[in-house]
Amino acid sequence: MISNSKMKKTSKKVVVFSGAGMSAESGLKTFRDHDGLWENYRIEEVATPEAWAADKAKVLEFYNMRRRQLMQAKPNEAHALLAKLEATHEVHIITQNIDNLHEKAGSTQVLHLHGELMKAQSERHPELIYELDKSDINLGDSCENGHQLRPNVVWFGEAVPKMQDAEIITSSAEILIVIGTSLNVYPAASLIYAVPKKCNCYLVDPKAEELLLPENWTVIRSTATEGVKSLLKDLGR
Ligand code: NAD
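Residue numbers for the sequence shown follow the working numbering, so the first one is 394 and each next one is one higher.
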């Protein structure tokens, strides 16, 4: 009998880099597919430090709505299949998504490049981060030092503190699977260039033809669920 740990040691290192399209089939909207709007909001109105400075209540309400929606959402089949892949491969998920659907599906190594919706952080001390067990952050909710809490989300124009960790993980990938991202948001999108030369790279996205990719990528023009199913068949061969 082969123990689980032994299987993992001999199996290939898979890095999955996911974006908003990964969760589209769970009912969470992307924004590039909607003329730059995210759930009918302009990004600059709700997802920038300037928006926070201008109108905290509006920003909180936008993310409170996202959180209420997420609490009702379920992982889709693609999330589930990637979680199962851990039985045979060393799988690292690097996601641009702020939802927790990879974890809900059972993935155990998930790095959130752009933060997590189900966490709050102090607006003054970003290292003070709190798990949320309710949907709303309200004006007046504060950290232990008395400063207002904000969503633990990396807004446009802010630094991406986990970028270096993500690059280190990606730099030893044997298989890279990019799913449901327009590769328009930087620096996150530059992660695809961190792979070693010999890495097998796949892209699953119904609009893949619009993206400029390095040579030798396998492009699967389909939704996350259909794309991951056919890709896993390919890996099994
Ligand atoms: P994006 O909106 O720029 O691009 C989404 C991509 O998903 C597009 O290329 C589209 O063709 C593809 N797509 C649409 N439906 C799909 C499906 N069913 N299966 C597979 N692919 C599909 O998203 P992005 O590149 O991730 O960048 C957006 C930023 O917005 C991210 O930084 C993220 O933090 C944030 N965001 C997060 C969520 C979430 O957490 N679920 C949702 C919206 C936006």
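Note that beta-carbon positions come from the ideal geometry of N, C-alpha and C, so glycine has one too.
Assigned exposure category for residue i - 16 Cβ within 10 Å defines buried
{"i": "residue 605", "result": "exposed"}
{"i": "residue 480", "result": "exposed"}
{"i": "residue 508", "result": "buried"}
{"i": "residue 450", "result": "exposed"}
{"i": "residue 608", "result": "exposed"}
{"i": "residue 518", "result": "exposed"}
{"i": "residue 566", "result": "buried"}
{"i": "residue 623", "result": "exposed"}
{"i": "residue 433", "result": "exposed"}
{"i": "residue 531", "result": "exposed"}
{"i": "residue 627", "result": "exposed"}
{"i": "residue 397", "result": "Below a pLDDT of 50, predicted positions are generally treated as unreliable, and residue 397, at 48, falls in that range; the measurement from the model is reported next regardless. Exposed, because fewer than 16 other Cβ atoms sit within 10 Å of the Cβ of residue 397."}
{"i": "residue 465", "result": "exposed"}
Own chain, CB closer than 6 angstroms to residue i, minus 5 neighbours either side, in chain order
{"i": "residue 350", "result": "Because the chain in this structure spans residues 394 to 630, residue 350 falls outside the shown range and cannot be described."}
{"i": "residue 445", "result": "452"}
{"i": "residue 460", "result": "510, 528"}
{"i": "residue 520", "result": "none"}
{"i": "residue 621", "result": "471, 474"}
{"i": "residue 619", "result": "none"}
{"i": "residue 476", "result": "498, 499, 500"}
{"i": "residue 478", "result": "484"}
{"i": "residue 523", "result": "513"}
{"i": "residue 612", "result": "596, 601"}
{"i": "residue 502", "result": "485"}
{"i": "residue 544", "result": "456"}
Contacts around residue i, its chain only, beta-carbon distance under 8 angstroms, and the 5 residues preceding and following it disregarded
{"i": "residue 564", "result": "587, 588, 589"}
{"i": "residue 610", "result": "594, 595, 596"}
{"i": "residue 580", "result": "553, 556"}
{"i": "residue 493", "result": "463, 509, 510, 511"}
{"i": "residue 592", "result": "566, 567, 568, 569"}
{"i": "residue 625", "result": "474, 478"}
Close Cβ partners of residue i (< 7 angstroms) along its chain, the five nearest in sequence each way excluded
{"i": "residue 616", "result": "418, 599"}
{"i": "residue 425", "result": "575, 577"}
{"i": "residue 400", "result": "Only weak support is given to the placement of residue 400: the predicted model assigns it a pLDDT of 47, under 50, and the value that follows is read from those uncertain coordinates. If we look at residue 400 and ignore the five residues flanking it on each side, its Cβ neighbours are 481."}
{"i": "residue 602", "result": "614"}
C-beta neighbour in chain B for residue i, strict 8 angstroms
{"i": "residue 619", "result": "Of the protein chains in the structure, only one exists, and it is not chain B."}
_Quick test of the definition: if touching needs 3 or more C-beta pairs under 8 angstroms, does the stretch 439-451 touch the stretch 538-555?_
yes
*State whether the stretch 513-527 contacts the stretch 490-499, with contact taken as three or more CB pairs (one from each stretch) at a distance under 8 angstroms.*
no
*Cβ contact (3+ pairs, closer than 8 angstroms) linking the stretch 529-537 and the stretch 580-589*: no
*asked:* Three or more C-beta pairs under 8 angstroms: does that hold for the stretch 403-423 against the stretch 568-578?
replied: yes
*Quick one: which unbroken beta strand (DSSP E) runs of 3-plus residues sit fully inside the stretch 498-528? Chain order, please.*
503-505, 508-515, 522-524
*Which full runs of the alpha helix (DSSP H) of 4+ residues lie inside the stretch 556-626, going along the chain?*
556-563
*Report the residue ranges of all beta strand (DSSP E) runs contained in full by the stretch 410-490; include only those spanning at least 3 residues, in chain order.*
483-488
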